[in-house]
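Asks: Chains as they are written, first to last, in the numbering used here: chain A, 789 to 1138; chain B, 46 to 626.
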Amino acid sequence: MSAAGVDVENVAFGYGATPVLEDVSLSIRKGEFFAFLGPSGSGKTTLLRLVAGFGLPDRGRILIGGRDVTRDPPWKRNVGLVFQSYALWPHMTVAQNVAFGLERRRVPRAERERRVRAALDLVGLVHLIDRRPAQLSGGQQQRVAIARTLAIEPEVLLLDEPLSNLDAGLRAGVRQEMVELQRRLGLTTILVTHDQEEANAAADRMAVLDGGHVLQVGTPTELYDRPANRFVAGFLGTANLIDGQVMGDGRFQAGAATLPSPPGAAAGPATLALRPQAIRLRRDGGIDGGLAARVLRAEFLGGHVRYTLQLADEVTLIAEEPHLRTRETLGVGAPVTIELDPQQVSLLRA
Amino acid sequence: MSATTLETATARPWRARLRTGATASQVIAALLVAAFLLAFLVVPVGRVFAAAFMDGTSGPTLVHFGDFFRTSLFIESFWNSLYVAAMSVVVASLIAVPLAVILTRYRFPGTALIATLGVLPLVMPPFVGAVAMQLIFGRNGSINLLLMDWFDVRIEVMDGLTGVIFVQSLHYFPFILMNLSASLSNIDISMEEAGQNLGARGPTLLRTIVLPLAMPGYLAGASLVFVKVFDDLATPLLLNVTNMLAPQAYLRVTSVGLADPMGYVISVILVAVSVATMAGAALLLRGRDYATQQRGGGGLGKRALSPAGRALAWAFVVPVLLLVLAPHFGILLLSLATVWSYSPLPDGFTLAHYDTVLRESPQFITNTLLFCGIAGGIDVVLGVTISWLVLRTKLPGRRLLDVTAMSALAVPGLVLGIGILRTYFDVHLPDGTSLATSWIMLTIVLAVRRLPYALRAASAALAQVHRSLEEAAENLGAGRMLTLVRIVVPLMAGGLAAAFVTSFATAAVELSATLVLVTRDVDAPLSYGIYVFMQSAAGRGPGAALGVIAVVVVAVCTWLANRLAERERMRRARAPAEGGR
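Encoded structure:
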């Protein structure tokens, strides 16, 4: 399969007067597993559909393999779209579904049959070739939908929330299979999802979208560790976001509470972002090198305990501590000392 | 194991079966409904079958069927009926399929027009329009007179079987239009987009994806058209076509007599073909309930028409509209015409025909109001009772009541009429007339024929009433009967009103059973009056006037039924009790 990169240049799109995408630019490399991550209404599915040719951007260009396809209709583009609902045709068998794109491309019969089998083989479903979609489980339907797009040997594979119609228990396994298949084929793939765990686990790089804008692009760890703004910080897992002032001397002042700020940060107003697992809790009662706090709420979540801690006056922090049999769970009202590594703190400037 | 424990062990399931919460009132209600269905549907149809398969003295026989298939007139009639029904499906499809595609897949300014097209024919019974169609499209009708004048050509669409096909297709195509449109708009848009994504477009997409997915709706509509046309008596009779099955059965029973077995044999064949068609359609549809297999959201996307496409669409819709309106215009003109013969338009206009009808035979109208009003009332009561027994009780055999009531759909009016004659002709009323031909029996037959509509409407309405609303009443001390009367029926009111109006309107233009059962003008309803008037050239004007009145009645009722159903939906949408889920 001949993979190709995808370039989205200054694309804007709206339904009537309602803007859905505003000035979106992205460059997806050849062979890359890329994710569009965002809440519903962020425009991620619309952007994916524009790449597939469903809708014409109001402005901007879309290039596949360096070729401008902005005005090409869906049937002229060689991209494979796996629909959220799978969109398997119920009146056709699995084989007929998979053969459909090949028939449109006038692939000779023998060659067609070989490629149908090969595509189904990739997803491990050759034995179900004569079934109808209604006779398949959800996971099998999803794999047929993938095989149907792979059969045409697309330049780009587009996955629209592919796991959302699967039982929770199946998702992790199917996700791993999907990633392995993508690696094996070296196929440029774009995944649309609202689930940050799904994007983190599958994608090489991802773009976080909100309100029709791309907020940040990067690898999952880059985005998690160095979020560019409050939205990205909050969307990729739990984050403590505290408004205050960088004092310039390594301190961050939030009301009466003093927290460490990252080394070398310029003074001025900022939001401090801190992951709950970066907070260390000390139970020895000493204050030196730490901050005094009190437990407001303690939630046992199985693998870890989530504490809501009160610092000085209004400032509260969420801290998470791995749960061990030998470690005592702090009760509400218990005093605790917290330690913060300045290296774990990010600053967000409005 | 002792004898006593064994006894209780075997007795328990039996007692448990009886302990289904059935109260005396439920059992009585079920028995009354069963008695009604037995007396006026099962037994009469059974008598028809018995008469067809029995020889007066020597028991079961197929000799009557042998006679049927040795009589060339019957063989010809059989093939003619099949041919007319099949061709009507073809012609109706040629009209309905493009309309449905335009309606559901394109943004077309004439959408409202198409929706109107879907209702207009249904408000006019085909036999009413038949004569008007003769005057417009007939051998010496307006169109042909003009064509002869201008181009010296003549089109013969109203002759013989072709005429029946023409009139029936124009009347029944809405069944295909409505079913196919519903099916088309239920197709998930991603089904189509997946096709485009894999390289299909335009006609290929239509052929490979859209039409196969819409096939269930099309088949449902087409089989309905086939059966309705195959069973119809009035339209062929009014067009003077008698070499078809239904007219043959009617003529045998009315002219040769009730003892002649051929009427019954033909009736059995009518029922058999209807049932076989329905069963065949159901078989074809098995496993093709595509609507439930698509889980994405939204229907097919509507796309803009190119200027050429739009012109093409108008070029199709406008002529169809004119064709559909032709019988309406024709009957209106005829009702107002002094003389209309061998001329494109009437010679002059008058209101005299309405005067004649209202002065000389107002009983046609009052009879219709009376008979159909009572029939509609019976239907609502039976519909509520049966749906309540089915949905709210565990009475053994309750489904059988539902199925039996619904089976009236498969019994042509002609066959039911013949069965009623056979069963009740010798039962005499105190004044000496036969029960079978009294207006009471006609009213009951109309009720039986329209019961399926009312029953489905009542079932739908009852299914919408959440069980907890009844339980609340029971919790506060109301018994079952009181709950039904005070809570359930008021909540079903909108749906029931729509059911009543629909039953009333469709009963008002029933002519198959009516033709068989009515013997005297004084006991005759509108539809019979139209038929009788239309038999003579002099009666056409008054007949048309009656026809216009019938169309107005049906149109008003249809509008009312839609309004009631719509209001009910609105009310429901606001009701918090049902909005909980």
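Ideal placement from N, C-alpha and C gives every residue a C-beta, glycine not left out.
For B/Thr551 and B/Ala455, what's the separation of their Cα atoms in angstroms?
Replies: If I take the Cα positions, the gap works out to 16 Å.
Asks: Applying the 10 Å Cβ sphere with the 16-neighbour rule, what's the burial state of A/Ala1044?
Replies: Flag for A/Ala1044 reads exposed.
Asks: Nearest chain A C-beta to B/Gly354 closer than 8 Å, yes or no?
Replies: No, B/Gly354 does not count as interfacial toward chain A.
Asks: Report, in whole angstroms, the separation of the C-beta atoms of A/Leu1118 and A/Ala1086, which I expect to be a contact under 8 Å.
Replies: That belief holds up - the Cβ atoms of A/Leu1118 and A/Ala1086 are roughly 6 Å apart, short of 8 Å.
Asks: Hey, how far is the Cα of A/Ala1080 from the Cα of A/Ser1049?
Replies: Cα to Cα, the separation comes out at about 17 Å.
Asks: Given a limit of 8 Å on CB to CB distance, which residues of the region 817–830 of chain A reach chain B?
Replies: Listed in sequence order: no entries.
Asks: Three-state secondary structure (DSSP) at A/Asn798?
Replies: Correct three-state label for A/Asn798: strand.
Asks: Using 8 Å as the threshold, is the C-beta distance between B/Ile221 and B/Ala267 below it?
Replies: Yes, they are a contact pair.
Asks: Based on Cα-Cα distance, which residue from A/Leu969, A/Gly974, A/Ser952 and A/Gly1000 lies nearest to A/Gln984?
Replies: Of A/Leu969, A/Gly974, A/Ser952 and A/Gly1000, the residue nearest in Cα terms is A/Ser952.
Asks: Shortest alpha-carbon distance to A/Ala883 belongs to which of A/Tyr1012, A/Ala956 and A/Asp918?
Replies: The residue with the shortest Cα to Cα distance from A/Ala883 is A/Asp918.
Asks: Helix, strand or coil: how does DSSP classify B/Ser230 here?
Replies: Reduced to three states, the DSSP call for B/Ser230 is helix.
Asks: Along chain B, which residues have their Cβ under 9 Å away from the Cβ of A/Pro845?
Replies: What A/Pro845 touches in chain B: nothing, since even the nearest Cβ is about 17 Å away.
Asks: Which chain B residues are close to A/Phe801, counting only those with a beta carbon under 9 Å from its beta carbon?
Replies: Per Cβ cutoff of 9 Å: no residues; A/Phe801 is ~16 Å from chain B at best.
Asks: Which residues in chain B have a C-beta closer than 9 Å to the C-beta of A/Ser925? List them in chain order.
Replies: In chain order: nothing, as chain B lies at least about 13 Å away.
Asks: Any idea what DSSP makes of A/Asp1031, helix, strand or coil?
Replies: Correct three-state label for A/Asp1031: strand.
Asks: Is there contact here, the region 802–811 of chain A with the region 987–1002 of chain A, by at least three beta-carbon pairs under 8 Å?
Replies: In short, these stretches touch, since the Cβ pair count reaches three.
Asks: Assign B/Pro475 to one of three DSSP states: helix, strand, or coil.
Replies: Note: B/Pro475 maps to coil in three-state DSSP.
Asks: The region 247–271 of chain B: which residues have C-beta closer than 8 Å to a C-beta of chain A, in chain order?
Replies: Against chain A - using a Cβ distance shorter than 8 Å - the residues of the region 247–271 of chain B are Thr249, Thr253, Ile254, Pro257, Leu258 and Met260.
Asks: Nearest to B/Tyr295 by CA position, among B/Gly464, B/Val362, B/Pro364 and B/Pro257, is which residue?
Replies: The shortest Cα separation from B/Tyr295 among B/Gly464, B/Val362, B/Pro364 and B/Pro257 belongs to B/Gly464.
Asks: Quick one: does A/His982 have its CB under 8 Å from some CB of chain B?
Replies: Answer no: the Cβ-Cβ gap between A/His982 and chain B never drops below 8 Å.
Asks: Below 8 Å, can you find three or more Cβ-Cβ pairs linking the region 898–915 of chain A to the region 844–857 of chain A?
Replies: Too few Cβ pairs lie closer than 8 Å, so no.
Asks: Residues in the region 938–962 of chain A with C-beta within 8 Å of chain B's C-beta atoms, listed in sequence order?
Replies: Per Cβ criterion, the list reads Ile940 and Asn953.
Asks: In chain B, what lies closer than 7 Å to A/Leu869 by C-beta?
Replies: Residues of chain B passing the Cβ test: Asn242.
Asks: Name the two residues that bound the continuous beta strand (DSSP E) containing A/Phe824.
Replies: Phe821 to Leu825 is the extent of the beta strand (DSSP E) around A/Phe824.
Asks: Just to make sure I have the definition right: I need the residues of chain E whose C-beta is within less than 8 Å of the C-beta of A/His879. Which are they?
Replies: Going by chain labels, chain E is absent from the structure shown, which instead holds the protein chains A and B.
Asks: Express the C-alpha separation of B/Pro570 and B/Thr564 in angstroms, rounding to a whole number.
Replies: C-alpha separation (whole angstroms): 11 Å.
Asks: In whole angstroms, give me the CA-to-CA distance for A/Gln930 and B/Met169.
Replies: One C-alpha to the other measures close to 50 Å.
Asks: With DSSP as the reference, identify every bridge partner of A/Ile917, one or two as the case may be.
Replies: The partner list for A/Ile917 (beta bridge, DSSP) is empty, contrary to what the question assumes.
Asks: Tell whether a beta-carbon distance below 8 Å holds between A/Ala791 and A/Thr976.
Replies: Result yes, Cβ atoms of A/Ala791 and A/Thr976 sit closer than 8 Å.
Asks: If you draw a straight line from the alpha carbon of A/Leu836 to that of A/Val980, how long is it in whole angstroms?
Replies: Roughly 7 Å separates the two Cα atoms.
Asks: Let's test the definition: count the other Cβ atoms within 10 Å of the Cβ of A/Ala995 and tell me whether it reaches 16, buried, or not, exposed.
Replies: The residue in question, A/Ala995, is buried, as its Cβ has 16 or more Cβ neighbours within 10 Å.
Asks: Can you tell me whether A/Gln1132 is helix, strand or coil according to DSSP?
Replies: It is helical.
Asks: Please classify B/Val402: does DSSP put it in a helix, a strand, or coil?
Replies: In this structure, B/Val402 counts as helix in the three-state DSSP scheme.
Asks: For B/Ala360, count the other beta carbons within 10 Å of its own beta carbon; 16 or more makes it buried, fewer makes it exposed. Which is it?
Replies: Label assigned to B/Ala360: exposed.
Asks: For B/Ala245, go through chain A and note every residue whose CB falls closer than 8 Å to its CB, in chain order.
Replies: By Cβ distance, chain A contributes Trp863, Phe888 and Arg892.
Asks: Can a CB atom of chain B be found closer than 8 Å to the CB of A/Ala840?
Replies: So yes, A/Ala840 belongs to the interface.
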